[in-house]
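Heads up: the structure comes next, in C-alpha coordinates.
Numbering (UniProt numbering), first residue to last: 1 to 118.
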(Lines of atoms letter the chains of each structure in order from A and count residues from 1; the text may use other names and numbers.)
(Lines give C-alpha, C1' and ligand atoms only; values in the text may rest on other atoms or scores of the structure.)
Protein backbone atom coordinates (compact mmCIF):
# COMPACT_ATOMS: atom_id res chain seq x y z
CA UNK A 1 0.00 0.00 0.00
CA UNK A 2 1.41 3.36 -0.98
CA UNK A 3 1.41 6.34 1.39
CA UNK A 4 -0.21 9.74 0.97
CA UNK A 5 1.44 11.81 -1.74
CA UNK A 6 1.70 15.54 -1.00
CA UNK A 7 0.47 17.68 -3.90
CA UNK A 8 3.27 19.56 -5.54
CA UNK A 9 3.38 23.20 -6.64
CA UNK A 10 2.08 22.40 -10.11
CA UNK A 11 -0.82 20.41 -8.66
CA UNK A 12 -1.77 23.23 -6.29
CA UNK A 13 -1.52 25.76 -9.13
CA UNK A 14 -3.75 23.57 -11.30
CA UNK A 15 -6.30 23.20 -8.45
CA UNK A 16 -6.38 26.99 -7.92
CA UNK A 17 -6.88 27.58 -11.64
CA UNK A 18 -9.70 25.02 -11.67
CA UNK A 19 -11.35 26.71 -8.66
CA UNK A 20 -11.20 30.11 -10.38
CA UNK A 21 -12.62 28.59 -13.54
CA UNK A 22 -15.47 27.00 -11.56
CA UNK A 23 -16.25 30.36 -9.95
CA UNK A 24 -16.30 32.08 -13.34
CA UNK A 25 -18.58 29.40 -14.78
CA UNK A 26 -20.91 29.74 -11.80
CA UNK A 27 -21.32 33.50 -12.43
CA UNK A 28 -21.63 33.05 -16.21
CA UNK A 29 -24.51 30.61 -15.82
CA UNK A 30 -26.50 32.98 -13.64
CA UNK A 31 -29.45 34.63 -15.41
CA UNK A 32 -29.06 38.24 -16.53
CA UNK A 33 -31.01 41.28 -15.37
CA UNK A 34 -33.44 40.96 -18.29
CA UNK A 35 -34.36 37.36 -17.43
CA UNK A 36 -38.09 36.94 -16.59
CA UNK A 37 -37.41 35.05 -13.36
CA UNK A 38 -35.03 37.76 -12.17
CA UNK A 39 -37.59 40.43 -13.05
CA UNK A 40 -40.32 38.49 -11.24
CA UNK A 41 -38.17 38.19 -8.09
CA UNK A 42 -37.33 41.89 -8.24
CA UNK A 43 -41.03 42.78 -8.56
CA UNK A 44 -41.84 40.47 -5.66
CA UNK A 45 -39.16 42.14 -3.51
CA UNK A 46 -40.51 45.56 -4.46
CA UNK A 47 -44.05 44.49 -3.52
CA UNK A 48 -42.81 43.16 -0.18
CA UNK A 49 -40.92 46.40 0.47
CA UNK A 50 -44.04 48.41 -0.37
CA UNK A 51 -46.17 46.31 2.01
CA UNK A 52 -43.59 46.77 4.75
CA UNK A 53 -43.56 50.53 4.16
CA UNK A 54 -47.37 50.67 4.33
CA UNK A 55 -47.38 48.59 7.51
CA UNK A 56 -44.72 50.83 9.06
CA UNK A 57 -46.73 53.91 8.09
CA UNK A 58 -49.89 52.38 9.58
CA UNK A 59 -48.02 51.63 12.82
CA UNK A 60 -46.71 55.19 12.96
CA UNK A 61 -50.21 56.58 12.38
CA UNK A 62 -51.61 54.32 15.11
CA UNK A 63 -48.80 55.35 17.45
CA UNK A 64 -49.48 59.05 16.78
CA UNK A 65 -53.22 58.50 17.31
CA UNK A 66 -52.58 56.65 20.59
CA UNK A 67 -50.27 59.46 21.74
CA UNK A 68 -52.90 62.07 20.82
CA UNK A 69 -55.58 60.17 22.77
CA UNK A 70 -53.26 59.90 25.78
CA UNK A 71 -52.54 63.64 25.63
CA UNK A 72 -56.26 64.39 25.41
CA UNK A 73 -56.93 62.12 28.39
CA UNK A 74 -54.14 63.81 30.35
CA UNK A 75 -55.54 67.25 29.47
CA UNK A 76 -59.04 66.17 30.51
CA UNK A 77 -57.68 64.78 33.78
CA UNK A 78 -55.78 68.03 34.42
CA UNK A 79 -58.94 70.05 33.71
CA UNK A 80 -60.95 67.81 36.06
CA UNK A 81 -58.36 68.22 38.82
CA UNK A 82 -58.31 72.01 38.33
CA UNK A 83 -62.12 72.14 38.42
CA UNK A 84 -62.18 70.04 41.61
CA UNK A 85 -59.61 72.36 43.20
CA UNK A 86 -61.72 75.40 42.27
CA UNK A 87 -64.85 73.76 43.68
CA UNK A 88 -62.99 72.84 46.87
CA UNK A 89 -61.69 76.40 47.17
CA UNK A 90 -65.20 77.80 46.63
CA UNK A 91 -66.67 75.33 49.16
CA UNK A 92 -64.02 76.26 51.74
CA UNK A 93 -64.64 79.97 51.12
CA UNK A 94 -68.41 79.47 51.58
CA UNK A 95 -67.82 77.44 54.75
CA UNK A 96 -65.49 80.12 56.08
CA UNK A 97 -68.04 82.84 55.32
CA UNK A 98 -70.79 80.81 57.03
CA UNK A 99 -68.62 80.22 60.10
CA UNK A 100 -67.72 83.91 60.22
CA UNK A 101 -71.38 84.85 59.97
CA UNK A 102 -72.24 82.49 62.87
CA UNK A 103 -69.35 83.84 64.93
CA UNK A 104 -70.40 87.42 64.20
CA UNK A 105 -73.99 86.58 65.14
CA UNK A 106 -72.83 85.06 68.47
CA UNK A 107 -70.66 88.10 69.11
CA UNK A 108 -73.50 90.47 68.29
CA UNK A 109 -75.88 88.49 70.53
CA UNK A 110 -73.38 88.54 73.40
CA UNK A 111 -72.93 92.26 72.92
CA UNK A 112 -76.68 92.77 72.85
CA UNK A 113 -77.10 90.83 76.13
CA UNK A 114 -74.42 93.02 77.68
CA UNK A 115 -76.25 96.23 76.66
CA UNK A 116 -79.54 95.04 78.19
CA UNK A 117 -77.95 94.44 81.62
CA UNK A 118 -76.82 98.04 82.02
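The beta-carbon is built from N, C-alpha and C at its ideal position, and this holds for glycine as well.
Since the structure is predicted, the reported quantities are computational estimates derived from the model, not experimental observations.
Residues near residue i in its chain [Cβ-Cβ closer than 6 Å; skip 5 each side]
i: residue 11; result: none
i: residue 38; result: 31
i: residue 9; result: none
Residues near residue i by beta carbon distance below 8 Å, same chain, minus five either side
i: residue 15; result: 7
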